[in-house]
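>
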Amino acid sequence: MFVGIDIGSSSSKVAILNENKELVGLAVENLGTGTNGIQIVLDKAFTQAGVTPEDIKYTVVTGYGRMTYEGADTQITEISCHAKGTAFFNCDAKTIIDIGGQDAKVIKIDAAGNVSNFNMNEKCAAGTGRFLEVMARVLDCKLGDLSDLAKASKKDVSISSVCTVFAESEVISCLSAGESISDVAKGAHRAVARRVAGMYNRVSGEPPVVMTGGVALNADMITCLSDELKTTVTPVSHPQLAGAVGAAVFAYEKYHKAKK
Amino acid sequence: MADYKALIAQLTAVAATPGKSVAAVIKETGKEAFGCFPLHTPEELVYAAGYIPVGMWGGRTEIKLADKYLQGFCCTIIKANIEMGLNGTYKDLKGVIIPCICDTLKCVSEDWIYACPQIPVIPIAYPMQRKIDGAIEYMVEEFRHVQAKLEEISGRKITDEQIEAAFAIYEDYRQAMREFVEVAADYPLTIDAKTRHLIIKAAYFMDKAKYTAIVKDIIAELKQLPKEEAKIKVVVSGLVSEPVEVLDILTENGIAIVADDLSQASRKFRTPARAEGTALEKMAGIIADQKGDTFLYEPEKYKGSMLIDQYKAKKADGIIYFQMKFCDPEEFDFPIVKKEMEEAGIPLLYLEVDQQIDSFEQLRTRIQSFAEIL
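Chains as they are written, first to last, in the numbering used here: chain F, 268 to 527; chain D, 80 to 453.
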């Protein structure tokens with residue numbers, strides 16, 4: 268068995284591959300680096316796969332918490348792992364958009380399926396899942412409800428600021444001015460999409476475009492990104508787990524390469 | 080000849096603790112220190128005036144006082160200089176020279192008068208059309224103006240012989256540094272990214288003649304060693320390759336710097352002086368002849384093609400563009416360089432950095448990802 272662990276800023280993910288390179292375990296826990304989320308999610312995935320730690324031949328860790336996790340054989344960045352995970356799902360992608368809790372990344376893939384270029388946000392939360400978490404709190408809704416709310420939007424409300432803190436003030440002003448929660452939610456999605464579009468242009472992104480990371484679970488965000496990039500953006504299977512799956516594929520490959 | 084490891088340790092220690100190093104050189108030589116802002120500052124004149132020229136390349140400090148003079152989006156190196164002028168770090172400097180070479184520096188040459196009135200400032204302006212004959216004449220006049228101000232501040236006359244002697248010492252330094260960066264590329268494990276940076280930076284806090292002698296000894300000693308091979312070789316471009324923690328991350332990922340296009344490093348010493356003319360004319364000639372420098376007007380924009388040449392010559396694996404926040408001239412150049420690198424199929428990593436970074440995890444991910452691509 269081969270384990271891929273993705274320790275993000277707000278969630279931990281595990282993927283397990285068997286000897287036939289088939290996914291036999293997939294688990295997510297909404298607790299990120301610095302918490303016991305990784306142990307919880309490992310237990311979940313092991314139970315799902317029906318394996319014990321003794322069955323594991325190789326482990327690769329990725330994500331924001333990769334440097335501090337000591338239980339892996341090696342660590343690889345989430346940029347390489349998301350590309351590998353996307354390839355595993357047989358996506359014919361030339362560009363991957365990965366929006367997680369703390370980072371937004373645009374990854375360009377070459378003809379051989381390797382990462383040829385990438386761009387990621389600076390340390391501010393603009394254009395990330397954290398931005399949407401803050402917006403959900405201000406709009407007094409659950410993060411998972413943002414998509415349905417935004418889909419009901421009937422009017423364009425522009426959230427112009429790319430800074431999460433300023434955007435929060437801007438959203439409060441919009442609500443005070445009587446704008447609907449749905450319209451403001453849509454405006455927040457568009458603000459993230461514009462930010463990501465800038466990164467997409469910077470790496471000279473090109474279609475087909477797929478999306479990974481937890482924010483890909485937000486259907487309206489996919490719509491806004493498609494509108495902004497003027498191409499269809501498709502979420503990969505298990506988008507939140509793409510990094511962990513990629514790490515598991517690396518674990519599989521590294522183990523077999525070492526055996527040769 | 081001393082052990083090369085001890086010589087390297089000596090220089091890296093100088094660069095790692097500039098304040099202590101400058102105090103030591105003042106004590107050792109009996110000379111006073113004179114500050115030299117970036118870039119293309121006529122250090123030779125400061126040296127000829129009997130001062131120790133001290134490079135002012137910012138540093139780690141908490142920006143509190145400088146906000147009174149500079150907006151949040153100004154070059155972080157220059158902002159740190161103002162902060163350190165205000166908080167007393169530069170109290171021992173007898174004056175500063177500020178070249179008005181970018182928008183921020185133009186403003187700072189005025190700001191300094193009010194921010195640090197106890198430290199006299201000598202501004203110097205360079206011509207945009209630097210290759211015409213009149214530009215040489217103009218620059219010589221500017222140097223004469225700086226000379227006069229230095230004489231006024233020091234109370235000492237600077238003779239042409241002293242300027243010629245100082246220029247010879249600096250030419251010797253520049254030649255030694257050109258050789259050093261070539262030789263260092265053959266020893267990327269001994270001279271890793273941080274060591275390379277600190278050795279080059281030490282020149283800003285020492286007597287140049289003494290520094291050059293040490294560098295020559297290091298070169299001679301290195302040449303005796305078997306050549307080394309780095310896992311990944313890169314060429315770096317930008318204003319400076321700081322903070323040094325980033326260089327440690329390069330080394331952790333097996334990345335060595337085999338050539339540079341940095342203002343703090345090769346742009347300072349890569350252009351040979353002309354054979355003819357006085358020292359001041361030769362100093363002007365170096366600025367006129369400099370190619371591919373972000374801060375000197377050049378409609379042909381040789382920077383990208385020069386980087387490609389360095390990449391090929393050193394058989395490098397990629398190029399890293401150090402973008403110091405918020406250096407406009409470097410930012411303006413980036414789209415041009417990026418396009419040229421894409422056309423040439425050269426991997427390029429854009430690293431936005433500033434000297435006050437506390438958290439390096441995002442930069443670590445970028446650098447590691449770049450290494451994984453290569």
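From the three backbone atoms N, C-alpha and C, an ideal C-beta is built for every residue, glycine too.
1) Listing by chain order, which chain F residues have their CB less than 7 Å from the CB of Ile-425(D)?
2) What in chain C is Cβ-close to Thr-155(D), meaning under 7 Å?
3) Taking all protein chains shown into account, decide if Ile-211(D) is buried (16 or more other Cβ within 10 angstroms of its Cβ) or exposed.
4) Suppose only complete runs of 3+ residues qualify. What are the beta strand (DSSP E) ranges in the segment 436 to 517 of chain F, listed by chain order?
5) Counting contacts by CB-CB distance shorter than 8 Å, is Thr-395(F) in contact with chain D?
6) Which residue marks the beginning of the beta strand (DSSP E) containing Pro-97(D), and which one marks its end?
7) Considering only residues of the segment 279 to 341 of chain F, which uninterrupted beta strand (DSSP E) runs meet the minimum length of 3 residues and lie entirely inside it, listed in chain order?
8) Which residue comes first and which comes last in the alpha helix (DSSP H) that contains Ala-419(F)?
9) Kindly indicate if chain D contains any beta-carbon less than 8 Å away from that of Thr-431(F).
10) Check whether the Cβ atoms of Gln-389(D) and Glu-431(D) sit closer than 8 Å, and answer yes or no.
11) If you reduce the DSSP assignment to three classes, tell me which class Gln-434(D) lands in.
12) State whether the segment 93 to 101 of chain D contacts the segment 295 to 312 of chain F, with contact taken as three or more CB pairs (one from each stretch) at a distance under 8 Å.
13) Among Gly-292(F), Gly-368(F), Thr-341(F), which one has its Cα closest to the Cα of Gly-480(F)?
14) Is Phe-222(D) near the ligand ADP - that is, is its Cβ less than 7 Å away from at least one heavy atom of it?
15) What's the gap between the Cα of Leu-589(F) and the Cα of Ile-142(D)?
16) According to DSSP, Asp-273(F) sits in a beta bridge with which residue or residues?
17) Note down, in chain order, every chain D residue with its Cβ under 9 Å from the Cβ of Ile-363(F).
18) On the three-state DSSP scale, how would you describe Pro-202(D)?
19) Report the option in Val-101(D), Lys-84(D), Ile-87(D), Tyr-83(D) whose CA atom is closest to the CA atom of Asp-286(D).
20) Just by C-beta distance, which residues in the segment 196 to 211 of chain D are closer than 8 Å to chain F?
21) Comparing the C-beta of Thr-344(F) with each C-beta of chain D, is any distance below 8 Å?
22) Would DSSP call Glu-419(D) helix, strand or coil?
23) Spell out whether any CB of chain F is found under 8 Å from the CB atom of Thr-330(D).
24) Taking the beta carbon of Pro-267(D) as the centre, do at least 16 other beta carbons fall within 10 Å, making it buried, or is it exposed?
25) Would you kindly work out how many angstroms separate the C-alpha atoms of Gly-213(D) and Gly-356(D), rounded to a whole number?
26) Rounded to whole angstroms, what's the CA-CA distance from Thr-183(D) to Ala-159(D)? Just pull it up for me.
27) Is the beta carbon of Ala-204(D) less than 8 Å from the beta carbon of Glu-220(D)?
28) Enumerate in chain order the residues of its own chain whose CB-to-CB distance from Thr-498(F) is below 7 Å, with the five nearest sequence positions on each side excluded.
29) Looking only at DSSP bridge pairs, what is Leu-172(D) linked to?
30) Of all the CB atoms in chain D, is at least one closer than 8 Å to the CB of Ser-447(F)?
31) Sorted by chain position, which residues of the same chain lie with C-beta nearer than 6 Å to Phe-246(D)'s C-beta, five sequence neighbours on each side aside?
32) Measuring straight from C-alpha to C-alpha, what distance separates Thr-269(D) and Pro-305(D)?
33) Can you name the residues of chain D whose CB is closer than 7 Å to the CB of Tyr-331(F)?
34) Does chain F have any CB closer than 8 Å to the CB of Gln-389(D)?
35) According to DSSP, simplified to helix, strand and coil, what is Met-163(D)?
36) In whole angstroms, what separates the C-alpha of Val-260(D) from that of Asp-82(D)?
With the given structure in hand:
1) Against the second sequence, residue 425(D) aligns to sequence position 346. Near Ile-425(D) there are no residues of chain F at all, since even the closest Cβ is about 11 Å away, more than 7 Å.
2) Here chain C cannot be found, since the structure's protein chains are F and D.
3) The residue you call residue 211(D) lines up with position 132 of the second sequence. Exposed, by the Cβ-count rule.
4) 476 to 479, 500 to 502
5) The residue you call residue 395(F) lines up with position 128 of the first sequence. No, Thr-395(F) does not count as interfacial toward chain D.
6) Reading the second sequence from its first residue, position 18 is the one you call residue 97(D). Run containing Pro-97(D): none in the beta strand (DSSP E); it sits in the alpha helix (DSSP H), 97 to 108.
7) 279 to 284, 290 to 296, 325 to 329
8) In the first sequence, residue 419(F) corresponds to position 152, counting from 1. Run containing Ala-419(F): none; DSSP gives neither H nor E here.
9) On the first sequence, position 164 is the one that residue 431(F) refers to. No, Thr-431(F) lies away from the interface with chain D (no Cβ there is under 8 Å from its Cβ).
10) Residue numbering aside, residue 389(D) sits at position 310 when the second sequence is read from its first letter. Residue numbering aside, residue 431(D) sits at position 352 when the second sequence is read from its first letter. With a cutoff of 8 Å on beta-carbon distance, Gln-389(D) and Glu-431(D) are scored as not near each other.
11) Taking the second sequence and counting its residues from 1, the one referred to as residue 434(D) is at position 355. If DSSP states are grouped into helix, strand and coil, Gln-434(D) belongs with coil.
12) no
13) Along the first sequence, read from residue 1 onward, the residue named residue 480(F) stands at position 213. Minimum Cα distance to Gly-480(F) is reached at Gly-368(F).
14) The model depicted lacks the ligand ADP and carries no ligand whatsoever.
15) Residue 589(F) lies beyond the stretch modelled for chain F, which goes from 268 to 527, so this question has no answer here.
16) Start at 1 with the first residue of the first sequence, and residue 273(F) comes out as number 6. In the DSSP output, where bridge partners are listed per residue, Asp-273(F) has Lys-280(F), Thr-329(F).
17) Taking the first sequence and counting its residues from 1, one reaches residue 363(F) at position 96. Simply none; closest approach about 13 Å.
18) Within the second sequence, numbered from 1, the residue matching residue 202(D) stands at position 123. Pro-202(D): strand per DSSP, three-state reduction.
19) Against the second sequence, residue 286(D) aligns to sequence position 207. For the residues Val-101(D), Lys-84(D), Ile-87(D), Tyr-83(D), the minimum Cα distance to Asp-286(D) belongs to Val-101(D).
20) Correct list: empty, as no residue qualifies.
21) On the first sequence, residue 344(F) is found 77 positions in, with the first residue counted as 1. Closer than 8 Å: yes.
22) What you label residue 419(D) is simply residue 340 of the second sequence in a count that begins at 1. Helix, per DSSP.
23) Position 251 of the second sequence, counted from the start, is the residue given in the question as residue 330(D). No, Thr-330(D) lies away from the interface with chain F (no Cβ there is under 8 Å from its Cβ).
24) Within the second sequence, residue 267(D) is the residue found at index 188, counting from 1. Burial call: buried.
25) Residue numbering aside, residue 213(D) sits at position 134 when the second sequence is read from its first letter. Residue numbering aside, residue 356(D) sits at position 277 when the second sequence is read from its first letter. One alpha carbon belongs to Gly-213(D), the other to Gly-356(D), and they sit about 15 Å apart.
26) Numbered from 1 along the second sequence, position 104 holds the residue referred to as residue 183(D). Numbered from 1 along the second sequence, position 80 holds the residue referred to as residue 159(D). Each residue's alpha carbon lies about 12 Å from the other.
27) Position 125 of the second sequence, counted from the first residue, corresponds to residue 204(D). Position 141 of the second sequence, counted from the first residue, corresponds to residue 220(D). No, the pair does not count as a contact, with Cβ atoms beyond the cut-off.
28) On the first sequence, position 231 is the one that residue 498(F) refers to. Excluding sequence neighbours, Thr-498(F) sits near Pro-474, Val-476.
29) Looking up residue 172(D) in the second sequence gives position 93. According to DSSP, Leu-172(D) bridges with Ala-112(D).
30) What you label residue 447(F) is simply residue 180 of the first sequence in a count that begins at 1. For Ser-447(F), the answer is no, since every Cβ of chain D falls outside 8 Å of its Cβ.
31) As a first step, residue 246(D) is located in the second sequence; it is residue number 167 there, counting from the start. So the list reads Glu-123, Ala-358, once near-sequence residues are dropped.
32) In the second sequence, residue 269(D) corresponds to position 190, counting from 1. In the second sequence, residue 305(D) corresponds to position 226, counting from 1. Going from the Cα of Thr-269(D) to the Cα of Pro-305(D) covers about 11 Å.
33) Position 64 of the first sequence, counted from the first residue, corresponds to residue 331(F). The answer, in chain order, is Glu-440.
34) Against the second sequence, residue 389(D) aligns to sequence position 310. Interface flag for Gln-389(D) against chain F is unset, since no Cβ pair is found closer than 8 Å.
35) As a working mapping, residue 163(D) is identified with position 84 in the second sequence. In this structure, Met-163(D) counts as helix in the three-state DSSP scheme.
36) What you label residue 260(D) is simply residue 181 of the second sequence in a count that begins at 1. What you label residue 82(D) is simply residue 3 of the second sequence in a count that begins at 1. Spanning the two alpha carbons is a distance of roughly 19 Å.
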